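Per the working numbering, the sequence shown starts with residue 40, numbered consecutively. Backbone N, C-alpha and C fix where the C-beta goes; we use that ideal spot for every residue, glycine too. None of these values were measured; they are calculated from a predicted model. Structure first, then comments.
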Amino acid sequence: STDITFYVGWYGGTGAEETPDTLKVASDKPNYAPGENARLRIEAPFAGEALIAIATDRIVDTRPVQVPAGGTTVEIPVKAEWGAGAYALVTAWRPLAAPAERMPTRAIGAVWLGLNPALRTLAVQIGTPEKITPRQKIEVPVKVSNLAGGEAFVTLAAVDEGILQLTRYRTPKPADYYFGKRALGVAMRDDYGRLLDTRADDLGRIRTGGDAGDIGGLDVVPTRTVALFSGPVKLDDKGEARITLDIPDFVGQLRLMAVAYEKSRVGSAEQRLFVRDAVTADVVLPRFLAPKDVGRVALSLHNVDGQAGDYRVTLEATGSVALERPVAETKRLAANQRELMTWPLQAGEAGFGKVAVSVQGPGNFNVRREWDIQVRSAQTPSAVDTVARLGAGNEATVDRNVTAGFAPGTAQVSASLTRIPGIDVAALLRALDKYPYGCVEQTTSRAMPLLYYNDVALLGYGPTDPRINDRVQDAVYRIVDMQLGDGAFGMWGPYSSPAAEWLQTYVLDFLVRANAQQMVVPSASLQRGLTWLNRSADKFSPNAQAYAWYVLAKAGFADPGRIRYFQDTKAAEMKGGAAWAMLAAALNQVGEPGRARLAFATARQKIDERDPADYYGSPLRNRAALITLAVEAGGREALTEVTSLVGERLAASIDTTTTQEQAWLVLAARAMSGSGELVYSVDGQQRRASAEPVVINPDAATLARGLRLKNDTDRPIWMQVTARGVPTDPLPAARAGLSVEREYLTLGGRPAELDKVRQNDRLIVSISGRNLEGGYHEVALLDLLPAGFEIESVLNEETVKSFPFLSKLTETRIAEARDDRFFAALNLGIRPYRMWWDAEGKYGNSYHVAYIVRAVTPGSFTLPATNVSDMYAPRVHGRTTMGRVSIAPAAR
């Protein structure tokens, strides 16, 4: 065979000589009724001819006119068929008048001819008082005028004004959306730019620019938010409706937004509504606490409209938080007087707590309000796995010793029985669900197994969960949001760099499977992605190509000839049994069973071969993938053969497996289900399962008495017990392939004394480290915050210039400030796989990131460790030590 690379066509930049002159075009009115004539005033910089084109999303009419030197006025009939309106596009030109003058030129102008939206707009009125008290149901009267008759509906939303200001949300105006000015829906092309000009002068230029942006929103998000929505409510014959809203415990301003509609008209209105008690009682809490933290709870009392007098205040803390002593105090409040009181708040075990305040006073005033607070562990969860071989008739007991070393209330235990070790479906799904990051690979790996979560075969007759489909659907939407314009997917979103070739195919594999499972996958996105894959697959590495052919074949997108050609010319370059199994499955899909058998025979021979360029792969993932694909490649017989070859080499610790391995292990479990009956006993009661693995999730009470599991078959089976929870004791510092150091600095660059921080102090958190073992690593950096701090900003290459004592920052793939943590993803070393957008893939072996925090809550708090790890090789990691932070109240 012969390969020849050649190019066809050319490209060129957009030159200033292609920009036309401006033609002044104006209409006599801002909008018109259907049937009226619009008067267009055309003022060209020259006398000549002009073409008027009336355009909506297409050209609906054209008219040539003569334009004298002083300009002209033209009447255009306005038609209802235009919808919201149309553009009048005017192109004027003139011939060469004399040899000394410039060459033929033209000018272009446009004006919007809108149809009067008032003719199709409903008048909407919302009738509410200026202010109400919270914790009650109210009826909101809505009246709609100038209805045309027939059915009409209205929706009502009530949303916290603070959130709307922060997000710069504008009240919906459907009349503007449907009947307002449209963007120009056609493009204009001409050949003027190709005309030669012998003059030395530059041509005239038109330059346009945008106006200033909107004003900024609020700097902080309110702790209590409200977003209520009524859904469609039918209007009565008078155009009225009374809509009930259940106003929660909230103090602030709501924006009421009503949208009314009938067959041919729409309308909207908005109104502000203040919600507050006569005496407001607001509690300010830390965003969260960690076990053994001591923060402060602040209570603000404000007598806005209440009577002057004595007010009795009672404060309670329950659940995972407690007060040092009972609080019951009396405060005398004059009209409009404020009082601020604070008390220590202690955190117990990880979980959720509640703080409640009750205020009683004159005029039968009686208010009780509650706030929730989370006590978040200061360490991330870890897992302990035990795999035991149970001989025929043997029994084993699982007791609470498996949770030793985990903080109370954090441990989850699962036990699985199977003929093959290492596949604890419940533990794998739990590990995927708890994975803290969210790139396109991790989102896909978390959701892929959940497609089959409710399969009886996968669960081993465990409980189904109807909410799983919602989580899978959310993952589909998140992934679609990460799609790039050409159909590929960004690693961290639509504005990040593209994911690797193999991951692109992995994402489309998930979307194809999700579509087959009746998830809502936008057809345009799936089509665009598969089209990109079909167009790009030939450029992939051989292993990635095999996966691409498999997914395209499964989606009905593949050309059998291209797959056969690949098998004959490129397949020999593939490494590893998984790639050959994917090729075999693709060949089977396109009706080539003979070729598929040959490919799968090679897959069995190359089970443990590793592709050094496959960064996301591993022998464990490849074995699991081989089992998953065996049925598609060669039927149940092939599955039995492969399972006998690799089955006992699937065992691995949950903590050291990657998201890729975990996802493919669950898919392998699904492929192996239904392979025979498993007979076992639980606490002396015999059970039979036609599917495996059998999954058992003992609770604390069951572990306390001991869970007895017995093998009632005539051959050995495997029991895997996985306990996952938060360690009781602080984990020591670690340097396993990666180092990490964290330093708190003052804004002047001096080391901060964390036992002498004051409320409102701002500090720089500087985190740095090195790649100790070489190689390539896609690193996740997670820095949990102490409860008293909040992130103010993440430093970048520009903002770090304000702090010359900081060294250069590393370019990250993503850096996010969240409520209780800082997260960044970055690359170290030299990438072993190809990327079409970055051929070299060279990164440094050291890293440095930084962000600014503000001390917001006085108290004594746990300082969690900073963790770094290779997202696809968890054994490569680093960790700092933990500590304490003390924040004193602000100086007065």
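What are the boundary residues of the alpha helix (DSSP H) that includes residue i?
i      : result
Asp520 : 507-520
Asp751 : Careful: Asp751 lies outside any alpha helix (DSSP H) and carries neither H nor E.
Ala623 : 616-628
Asp650 : It is not in any alpha helix (DSSP H) - Asp650 carries neither H nor E in the DSSP assignment.
Val590 : 581-593
Glu480 : 479-486
Trp531 : Segment: none, Trp531 is in no alpha helix (DSSP H) and carries neither H nor E.
Val705 : 698-711
Arg634 : 632-644
Thr283 : Careful: Thr283 lies outside any alpha helix (DSSP H), inside the beta strand (DSSP E) at 279-286.
Gly201 : 200-205
Can you tell me the Cα-Cα spacing of residue i and residue j, whole angstroms?
i      : j      : result
Arg221 : Glu190 : 28 Å
Ala854 : Ala864 : 7 Å
Ser18  : Ala329 : It is not possible to answer for residue 18, since the shown part of the chain is limited to 40 through 931.
Gly477 : Leu793 : 32 Å
Asp349 : Val398 : 10 Å
Gly109 : Asn70  : 26 Å
Tyr500 : Leu362 : Because the pLDDT at Tyr500 is just 42, under 50, the model does not fix this residue reliably, and the point stays unresolved.
Ala702 : Tyr911 : 13 Å
Phe313 : Ala587 : 57 Å
Gly306 : Ala889 : 49 Å
Val343 : Pro173 : 14 Å
Phe844 : Phe404 : 57 Å
Arg209 : Thr608 : 58 Å
Ala576 : Pro599 : 14 Å
Thr237 : Thr144 : For Thr237, the pLDDT reaches just 45, beneath the cut-off of 50, and the residue's location in the model is therefore unreliable, although a value from the coordinates is still provided. Their backbone Cα atoms lie some 14 Å apart in a straight line.
Leu242 : Asp60  : Here Leu242 scores only 40 on pLDDT, less than 50, and its place in the model is too uncertain to base an answer on.
Lys331 : Phe192 : 54 Å
Gly252 : Arg603 : Annotation note: pLDDT 31 at Gly252 (below 50); position unreliable, no value reported.
Ala337 : Asp96  : 59 Å
From the DSSP output, which residues share a beta bridge with residue i?
i      : result
Asp768 : DSSP lists no partner for Asp768.
Arg781 : Ile806
Val915 : Val915 pairs with nothing; no bridge assigned.
Tyr719 : Arg726, Asn750
Lys370 : Tyr350
Leu274 : DSSP, once it has assigned bridges, lists no residue as partnering Leu274.
Phe327 : Gln413
Gly334 : Leu384
Thr761 : Asp424, Ser453
Leu865 : Val818
Taking the beta strand (DSSP E) that residue i belongs to, which residues open and close that run?
i      : result
Trp132 : 124-133
Ile165 : 162-165
Trp151 : 144-154
Tyr217 : No beta strand (DSSP E) contains Tyr217, which is instead part of the alpha helix (DSSP H) from 213-218.
Ile602 : Where Ile602 is concerned, there is no enclosing beta strand (DSSP E), although the alpha helix (DSSP H) it sits in stretches over 599-608.
Ala395 : 390-400
Tyr654 : That residue, Tyr654, is in no beta strand (DSSP E); it is neither H nor E in DSSP.
Can a CB atom of chain D be found closer than 7 Å to the CB of residue i?
i      : result
Ala791 : No chain D is part of this structure, which consists of one protein chain only.
Just checking my contact of residue i with residue j at CB under 8 Å: how many whole Å lie between their CB atoms?
i      : j      : result
Gly616 : Ala642 : 4 Å
Val765 : Ala389 : 6 Å
Glu540 : Ala583 : 4 Å
Ala83  : Val106 : 5 Å
Leu770 : Arg918 : 6 Å
Thr697 : Ser729 : Not really, about 31 Å apart at Cβ, beyond 8 Å.
Ala762 : Phe445 : 7 Å
Lys176 : Thr283 : 6 Å
Gly568 : Gly526 : 5 Å
Asn799 : Ala929 : 5 Å
For a test of your reading of the model: does the CB of residue i fall under 6 Å from any non-hydrogen atom of the ligand ATP? Yes or no.
i      : result
Asp858 : As for the ligand ATP, it is missing from this structure, which has no ligand bound.
Answer yes if the stretch 799-812 comes into contact with the stretch 780-789, meaning at least three C-beta pairs across the two stretches below 8 Å, and no otherwise.
-> yes
contact_flag[the stretch 503-521, the stretch 621-632] where n(CB pairs < 8 Å) is 3 or more = Contact fails: fewer than three Cβ-Cβ distances are below 8 Å.
For the stretch 369-389 and the stretch 291-302, state whether three or more C-beta atom pairs, one from each stretch, are separated by less than 8 Å.
-> no
Does the pairing of the stretch 262-271 with the stretch 150-167 give three or more beta-carbon distances under 8 Å?
-> no
Is the stretch 427-443 touching the stretch 401-411 in the sense that three or more CB pairs, one from each, lie closer than 8 Å?
-> no
With a cut-off of 8 Å, do at least 3 Cβ pairs link the stretch 738-748 to the stretch 434-445?
-> yes
Taking contact to mean at least 3 C-beta pairs separated by less than 8 Å, is the stretch 890-904 in contact with the stretch 414-423?
-> The stretch 890-904 and the stretch 414-423 touch, with no fewer than 3 CB-CB distances between them shorter than 8 Å.
With contact counted as at least three CB pairs below 8 Å, one residue from each stretch, are the stretch 365-375 and the stretch 448-461 in contact?
-> no
Decide if the stretch 479-491 is in contact with the stretch 767-785; the criterion is three or more beta carbon pairs, one per stretch, under 8 Å apart.
-> no
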